[in-house]
Ligand SMILES: [Zn+2]
């Protein structure tokens with residue numbers, strides 16, 4: 049068997065033809081390898097940019113809003129997530145503003161106030177007190193009237209009028225607005241466009257304290273806020289009402305116990321938060 053087959057596979061003919069066959073076989077293997085390498089390289093070049101394009105793809109407006117708030121503000125200190133609560137008081141200034149200010153000062157907490165133009169006219173000196181105490185004053189329309197603000201598209205003119213009044217009293221021109229009754233469904237696309245053109249911003253709320261509902265129970269108001277506070281950032285809707293003033297110490301204590309710190313709105317670090325889901329407001 050050895051002499052017959054001597055390095056020559058069975059059935060491949062005479063030895064003399066072997067070198068040529070071997071040469072062509074080696075050549076075809078090398079050629080195939082080259083083809084595979086070139087093919088692989090081309091395929092890689094083709095796939096790579098395609099993959100990058102997918103990850104860079106811009107998110108549409110509708111997908112952005114609510115989540116951006118959480119992403120923007122969550123901070124970690126020693127592995128513990130920093131939780132921030134924004135107390136926002138609507139519809140002042142009122143007869144209760146001074147008491148609310150005193151309560152906040154006592155507990156060393158700063159808040160955000162959204163004032164109505166006609167109420168500023170009634171008691172302008174309180175506006176100065178709120179600003180001096182270091183709270184943020186935002187805009188909450190002149191009339192607080194749904195039909196006028198949204199159907200007659202007076203949102204921006206009313207907010208700019210309040211902004212002017214606050215500027216005359218405090219020297220500041222706040223940009224943040226709180227839409228009366230919330231931004232949805234009132235703020236249409238055309239009103240949103242006007243808001244952006246006027247360089248104003250919009251903030252709804254993440255927790256309704258229900259102080260408009262629990263008129264006789266400060267305890268229920270406090271309980272509602274504390275129970276609903278779950279997320280790293282909470283914007284709490286409050287009104288300048290007696291039950292809210294009475295609930296304030298319990299709200300602050302309860303939120304502190306849950307790990308919240310209190311902040312005021314920061315124009316340099318705007319977090320879009322609105323029910324109409326527009327990331328540019
Ligand atoms: Zn209001």
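Numbering (this note's numbering), first residue to last: 49 to 329.
We put the CB at the ideal spot given by N, CA and C, even for glycine.
Values in this document were obtained by computation on a predicted structure and should not be read as measured data.
Give a single yes or no on whether residue i has its beta carbon closer than 7 Å to a heavy atom of ligand 1.
{"i": "residue 138", "result": "yes"}
{"i": "residue 228", "result": "yes"}
{"i": "residue 192", "result": "yes"}
{"i": "residue 417", "result": "This structure gives no information on residue 417, because the portion of the chain shown stretches from 49 to 329."}
{"i": "residue 188", "result": "yes"}
Indicate the three-state DSSP secondary structure (helix, strand or coil) for residue i in the structure shown.
{"i": "residue 315", "result": "helix"}
{"i": "residue 178", "result": "helix"}
{"i": "residue 274", "result": "helix"}
{"i": "residue 170", "result": "helix"}
{"i": "residue 111", "result": "Annotation note: pLDDT 35 at residue 111 (below 50); position unreliable, coordinate value reported separately. Looking at residue 111 - three-state DSSP - the assignment turns out to be helix."}
{"i": "residue 146", "result": "helix"}
{"i": "residue 191", "result": "coil"}
{"i": "residue 135", "result": "strand"}
{"i": "residue 185", "result": "strand"}
For residue i and residue j, which I take to be in contact (beta-carbon distance under 8 Å), what is that distance rounded to the nearest angstrom?
{"i": "residue 300", "j": "residue 155", "result": "5 Å"}
{"i": "residue 282", "j": "residue 254", "result": "5 Å"}
{"i": "residue 206", "j": "residue 232", "result": "Not a contact, Cβ separation roughly 18 Å."}
{"i": "residue 246", "j": "residue 204", "result": "5 Å"}
{"i": "residue 303", "j": "residue 277", "result": "6 Å"}
{"i": "residue 186", "j": "residue 222", "result": "5 Å"}
{"i": "residue 250", "j": "residue 152", "result": "Actually they are not in contact, since the Cβ atoms of residue 250 and residue 152 sit about 24 Å apart, beyond 8 Å."}
{"i": "residue 135", "j": "residue 310", "result": "6 Å"}
{"i": "residue 162", "j": "residue 252", "result": "Wrong, their Cβ atoms sit about 11 Å apart, outside the cutoff."}
{"i": "residue 16", "j": "residue 224", "result": "Only positions 49 to 329 of the chain appear in the structure, and residue 16 is not among them; the question remains open."}
{"i": "residue 146", "j": "residue 179", "result": "Between residue 179 and residue 146 the Cβ distance is about 14 Å, and since that is not below 8 Å, they are no contact."}
{"i": "residue 239", "j": "residue 198", "result": "7 Å"}
Touching by the beta-carbon criterion (3+ pairs, under 8 Å), the segment 290-299 and the segment 262-272
yes
Which runs of the alpha helix (DSSP H) spanning at least 4 residues fall entirely within the segment 200-271, listed in chain order?
203-218, 237-245
For the pair the segment 162-175 and the segment 128-141, tell me if three or more CB-CB distances fall below 8 Å.
yes
Unbroken beta strand (DSSP E) runs of length 3 or more, entirely within the segment 275-307: which are they?
281-287
For the segment 212-231 against the segment 178-198, do three or more pairs of beta-carbon atoms, one drawn from each stretch, fall closer than 8 Å, so that the two count as touching?
yes
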